[in-house]
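Novice: Here you go, one structure.
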Amino acid sequence: MTKVITDVICPFCGTLCDDVEVTVSDDGKKLLEVANACVIGTEKFLHSQSSDRVTKPRLRQEDGSWKDISYEEAADYTAKLLAKARKPLMYGWSSTNCEAQCVGNEIAEVAKACCDNTAAVCHGTTLIAVQDIGLPSCTLGEVKNRADRIIFWGCNPAHAHPRHMSRYSIFPRGFFTGKGQMSRKLVVVDPRCTDTAKMADVHLQIEQGRDYELLDAFRVALKGEWLPDVVAGIHAEKIREVADILKSGRFGIIFFGMGVTQSLSKNHNIDAAIALTKDLNEHTKYSIMPMRGHYNVTGSGEVFAWQFGFPYSVDLTRGFARYNPGDSSSIDLLLRGEIDAMFTIGSDPGAHFPISAVKQIAKVDSVCIDPHMTPTSGVSKLHVPVAFNGVETGGNCYRMDNVPIDCRKVVEPPEGMKTDLEFLTMVCDRLKKLKGVA
Amino acid sequence: MSEYIIKNGHVFDPVQGIKGDKKDICIKDGKIVDKVGSSAKVIDAKDKTVMAGAVEIHAHVAGPKVNLGRIYRPEDKLFSCTPTKGKERMGGGASIPTTFKTGYEYAKMGFAVAMEAAMPPLFSRHVHEEIRDTPIIDEGAFPVFGNNWFVLEYLKNHEIENTAAYCAWLLNVTKGYALKVVNPGGTEAWGWGLNCLTVNDPVPYFDITPAEIVKGLIEANEYLGLPHSMHIHPNNLGNPGCYETTLDTMKLAEGIKAKNKFGREQVLHLTHTQFHSYGGTNWGDFESKAKEVTDYVNKNKNITIDTGNVTLDETTTMTADGPFEHHLTGLNHLKWANVDVELETAAGVVPYIYSPSISVCAIQWAIGLEIALMMKDPMRCYITTDHPNAGPFTRYPRVYKWLMSEKARKQQIESFKHKDKVLSQTAIGTLDREISLYELAQMTRAGPAKSLGLAAMCGGLKPGMDADVAIYNINPDKPVANPDDIEKAFSRCAAFFKSGVQVVNNGEIVSNGNKRTLWVNVKAKENPQVARDINEKFVKYYSITQANYEALGHHFVPNPYAIEVDATQV
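Protein chains in written order, with this note's numbering: chain A, 877 to 1314; chain B, 13 to 582.
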């Protein structure tokens, strides 16, 4: 006999779908089938069952080989590494739960570390823009129930957030949007003809890197002022036509992604996008929302903020929290060679940081806490595999609209495996002893 | 647990009617007791003032909009960071301190309880995570109901029983404390960029008026017999002439009597009254209507209020009154954040600078003080700053100074750029009342505790109550030489005991105490219709499933203190 567990939360992307159904074996040890999740989410659940999974911490030997060690030894190693370091970097946090993040912050405080999450290479620029100009936003249910104008700008949910469109933004029939897709106009701004763009009522195939100009042009068009014939590759008439579409909605939302946050102009693009949203609120109701990537990157920002006051790139080395992206952000710290120990959890900088920064990681003492074998675990001295959060252990996570959802445990982890929270607690206790903190 | 005896202090306790007499206070097992053994630790409070732990009835200290404020205001941390120190975790932030700093600052001023004033139900887990990380003080959170679709639909047909059943369910699943109402109907209208500015403006689509929502929720609250009353931030906040809406709102409570077993007497708590007591037609002829509002409250015993004192600081405004924050950003052009929450509510955040050089801000300052000074019964008027809206809670000692010293008020008025306008538009210059220490204990301890239905537990020093005891460096036998001494004394306790544990000594944190989350566990009659409606709304309109809605588990509420309400026999 098998059991079906319903209302399971998918620990993959910021959409944080919570209607997944998972079939497990009677003894709760094997995960057999996944229903309702997208193909990426399904793969994440099933990957926990793979036979080649690392189940014991591994320490790199001088000859480059790995030696299996116990969790106790791994925790000792990690605590000593953090105790000894003058400026450790504790990076990641986006694929683990908030409870683990809280313990991680306690460790960081004792170790006087630099703390950062994956916003550093993702929506950190968004956060800077929000600090400049604010953020009129809403929850995804508001979009489902009210929105009749949807703009995807520099993002491709068809591939990156596969169920976003069916759950929240385009297809669902909500309270005031009973006709579903028929009651919505979809505008996609993307230099590529993506699968999302193919579904759009209007696809503005913008010149690459010209987002700021086009956003500003919309603001001009809303005010009915003069526009040049072509802006960012789009004709003025088209811009005015789309501005009228935006203005004529009852409730609209701009979703934006890495196409604007990490391309030319970075945070200034988002400044302009938020300013456009504010302007649209003079005509009707508008919101704007970043398409956050990792399933709990938002949560990491929230925990950092309520404990330290800043959402990412926090530097605790002076004994109190400082925030200065560009100075206290991970890649910059690594490139300047200031980091003497690297602690990675719940993310993969080895795959996403510039190679020059990854080389710095390889140079220093390092630990990587991750259930998977990743490029980061490959360059780290110690790899601590842990239970899959959201599959083999529960814990709170925040969706891209900041809605907290408590993940569920659906199967037992392989015998003897620790969770992030358990391992971090071991490290925290040891570090406090080493540092003589009560 | 240790035993303590606090000797020789001047005790102010409205619960027992003690007005500064010297009396020993004994603590054992976390409670106040009649006597303790000879091994009890003696605390000498000679020439000092002893009061119960203070009770905060309305502050925004935990949850999504507070954290949004932290995230989007790095500037608030400039010059306000505190390093790790002994038992203290590091902290930061002036108007929106981090959770650790929030707990420590409250404790250092002698606060034992604080209520988070607006919890969006969908975000209850977030609120509880922050409450968990706020050390020492007991906290509860008020879920917001005034724009909730269930409530709007039930009350359109005046279905009190269904509304009550829904409220009971929501309090249970969100681990909430009381029924909060913010801009009833107006915040739902804000879903379309609209607002309700009077109690008779119909809510778009739902076709119900704010008056019907308010009256219905008062009735539902009394139907259930909850510890606290309906707690309201009325329509039309912050606009010249808004006092009329405030009076219209309060009139809705006329003739309704409190029904509960907690000793609460009011059926409506009007919060941050200062923001709702404005006359005039524009910012030029802006004036105080504190007298009209307090006259009404003085006459009607079934209402309690808190002040919402402006402290003349740079701060961060945040409220579930979404349309108001949009209006405010139009006034001051500072950065605007907004979050609309599906089926339930909305919130906005805008920084604000209450400058003493701006006449409107100075008049707001005066109105807040007028309200406290014009209220005849201190047991029905509580001091708040609507933290952080009118000013950060860390400024309470300064507000106490202004209330307790006419000299301090005069000094402040003298320093205003538009002094004459403040005096002509308000009555602050004519008020010579000075709040006594006993009255202060009523306004910050016994009063709010009674209003919250916690009178048996906190706000007093009667044997059997929780041993929350604050000792201040004030000698009531000596006249206050300098009003600033009042501020100084209330800023940092000489000692503070929370539930029998000494958490503050000489203004420093010595223990992280044993924090609790207060919530109200209502047992209500089974109501299949409401259960079906809840199920339907989750299937069709919420973006999460019903099974993933409840704030359940140790990591959200590790140390719960449930107040039981049995409404099955109603």
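The beta carbon of each residue, even a glycine, is placed where N, CA and C say it ideally should be. Only a predicted model underlies this, so the values are computations on that prediction, with no experimental measurement involved.
So A989 of chain A packs on M966 of chain A, CB below 8 Å; how close in whole Å?
Specialist: With a Cβ gap of about 5 Å, A989 of chain A and M966 of chain A count as contacting.
Novice: In terms of residues, what are the limits of the alpha helix (DSSP H) holding F112 of chain B?
Specialist: Where F112 of chain B is concerned, the enclosing alpha helix (DSSP H) stretches over T111 to K120.
Novice: Would you say W4 of chain B and P252 of chain B are within 8 Å of each other, going by their C-beta atoms?
Specialist: It is not possible to answer for residue 4 of chain B, since the shown part of chain B is limited to 13 through 582.
Novice: Quick check: what's the CA-CA separation for G292 of chain B versus M262 of chain B?
Specialist: Looking at the two C-alpha atoms, the distance is approximately 20 Å.
Novice: Quick check: what's the CA-CA separation for V986 of chain A versus T323 of chain B?
Specialist: Spanning the two alpha carbons is a distance of roughly 36 Å.
Novice: I need the DSSP call for I379 of chain B, collapsed to helix, strand or coil.
Specialist: If DSSP states are grouped into helix, strand and coil, I379 of chain B belongs with the helices.
Novice: Identify the continuous beta strand (DSSP E) that holds T530 of chain B and give its terminal residues.
Specialist: Before going further, note that residue 530 of chain B is Leu rather than Thr in the sequence given. From DSSP, the beta strand (DSSP E) with L530 of chain B extends over T529 to A536.
Novice: Could you tell me which chain A residues have their CB closer than 9 Å to the CB of Y553 of chain B, listed as they occur along the chain?
Specialist: Chain A residues near Y553 of chain B: G1017, K1020, N1021, G1050 and F1051.
Novice: Which term fits R82 of chain B, buried or exposed, when burial requires 16 or more other beta carbons within 10 angstroms of its beta carbon?
Specialist: R82 of chain B comes out buried.
Novice: Specify, as a first and last residue, the run of the alpha helix (DSSP H) that V1118 of chain A falls within.
Specialist: Counting along the chain, the alpha helix (DSSP H) containing V1118 of chain A begins and ends at A1112 to K1123.
Novice: Check whether the stretch 450–469 of chain B touches the stretch 272–292 of chain B, taking contact to mean three or more Cβ pairs, one atom from each stretch, closer than 8 Å.
Specialist: Yes, since at least three Cβ pairs between the stretch 450–469 of chain B and the stretch 272–292 of chain B fall closer than 8 Å, the two stretches touch.
Novice: First and last residue of the alpha helix (DSSP H) that includes G334 of chain B?
Specialist: Its alpha helix (DSSP H) spans residues G334 to N344.
Novice: To the nearest angstrom, report how far apart V896 of chain A and F1184 of chain A are at their CA atoms.
Specialist: Approximately 34 Å between the Cα atoms of the pair.
Novice: Looking at chain A, is there any beta carbon in it that lies within less than 8 Å of the beta carbon of L343 of chain B?
Specialist: By this cut-off, L343 of chain B is not an interface position.
Novice: How far does the alpha helix (DSSP H) with E426 of chain B in it reach, from first residue to last?
Specialist: Run containing E426 of chain B: E418 to S427, per the alpha helix (DSSP H) assignment.
Novice: Relative to the alpha-carbon of Y290 of chain B, which residue among B:L282, B:L280 and B:K303 has its alpha-carbon at the smallest distance?
Specialist: Checked all of B:L282, B:L280 and B:K303; the closest Cα to Y290 of chain B is B:K303.
Novice: Buried or exposed for I379 of chain B, please, with buried defined as at least 16 other CB atoms from any protein chain shown within 10 angstroms of its CB.
Specialist: I379 of chain B should be labelled buried.
Novice: Using a Cβ-Cβ cutoff of less than 8 Å, which residues in the same chain neighbour T1315 of chain A once the five nearest sequence positions on both sides are dropped?
Specialist: Outside the shown range of chain A, which is 877 to 1314, sits residue 1315 of chain A, and nothing can be said about it.
Novice: Are E128 of chain B and A52 of chain B close, meaning C-beta to C-beta below 8 Å?
Specialist: Not a contact, by the Cβ cut-off of 8 Å.
Novice: Taking DSSP as the reference, what is the three-state secondary structure of P488 of chain B?
Specialist: It is coil, neither helix nor strand.
Novice: Mind listing the chain A neighbours of D557 of chain B? Cutoff is C-beta to C-beta under 9 Å, in chain order.
Specialist: Here residue 557 of chain B turns out to be Thr, not Asp, going by the sequence shown. Near T557 of chain B (Cβ distances below 9 Å), the residues of chain A are T882, D883, D894 and D895.
Novice: Taking C-alpha atoms, which residue in A:I1150, A:A1197 and A:M1218 lies nearest to V1006 of chain A?
Specialist: Checking every option, the nearest Cα to that of V1006 of chain A belongs to A:I1150.
Novice: Hey, would you say D33 of chain B sits closer than 8 Å to A64 of chain B, going by beta carbons?
Specialist: No, the pair does not count as a contact, with Cβ atoms beyond the cut-off.
Novice: Using the C-alpha atoms, what's the distance from P196 of chain B back to M330 of chain B?
Specialist: So the alpha carbons of these two residues sit roughly 17 Å apart.
Novice: Which of the three DSSP states, helix, strand or coil, is assigned to E356 of chain B?
Specialist: Coil.
Novice: Just verifying my parser: in three-state terms, what is the DSSP assignment at H1170 of chain A?
Specialist: Three-state result, H1170 of chain A: strand.
Novice: Whose C-beta lies closer than 7 Å to the C-beta of V139 of chain B among residues of the same chain, with five residues either side of it excluded?
Specialist: Here the set comprises A74, G75, E128, M131 and A153.
Novice: Under DSSP, the alpha helix (DSSP H) around N248 of chain B begins and ends at which residues?
Specialist: Looking at the DSSP string, N248 of chain B is not in any alpha helix (DSSP H), and its letter there is neither H nor E.
Novice: Work out the CA separation of S300 of chain B and V211 of chain B for me, nearest whole Å.
Specialist: About 21 Å.
Novice: According to DSSP, what are the bridge partners of K19 of chain B?
Specialist: Answer is B:D56, bridged to K19 of chain B.
Novice: Which residues in chain B sit within 9 Å of W1102 of chain A, going by Cβ to Cβ distance?
Specialist: The premise fails here: W1102 of chain A is roughly 25 Å from chain B at the closest Cβ pair, so nothing lies under 9 Å.
Novice: Could you compute how far the alpha carbon of L280 of chain B sits from the alpha carbon of L164 of chain B?
Specialist: Straight-line Cα distance between these residues: approximately 19 Å.
Novice: Does the beta-carbon distance from D1216 of chain A to S1204 of chain A come in below 8 Å?
Specialist: Cβ distance not < 8 Å, so D1216 of chain A and S1204 of chain A don't count as in contact.
Novice: If you follow the alpha helix (DSSP H) that I440 of chain B is part of, which residue opens it and which one closes it?
Specialist: I440 of chain B -> no alpha helix (DSSP H), and no H or E assigned at all.
Novice: For P1201 of chain A, which residues from the same chain have a beta carbon less than 7 Å from its beta carbon, with the 5 sequence-adjacent residues on both sides left out?
Specialist: Around P1201 of chain A: G1000, I1004 and S1189.
Novice: Apart from the five residues just before and just after E117 of chain B, which ones in its own chain have a Cβ nearer than 6 Å to its Cβ?
Specialist: Cβ within range, chain order: T406.
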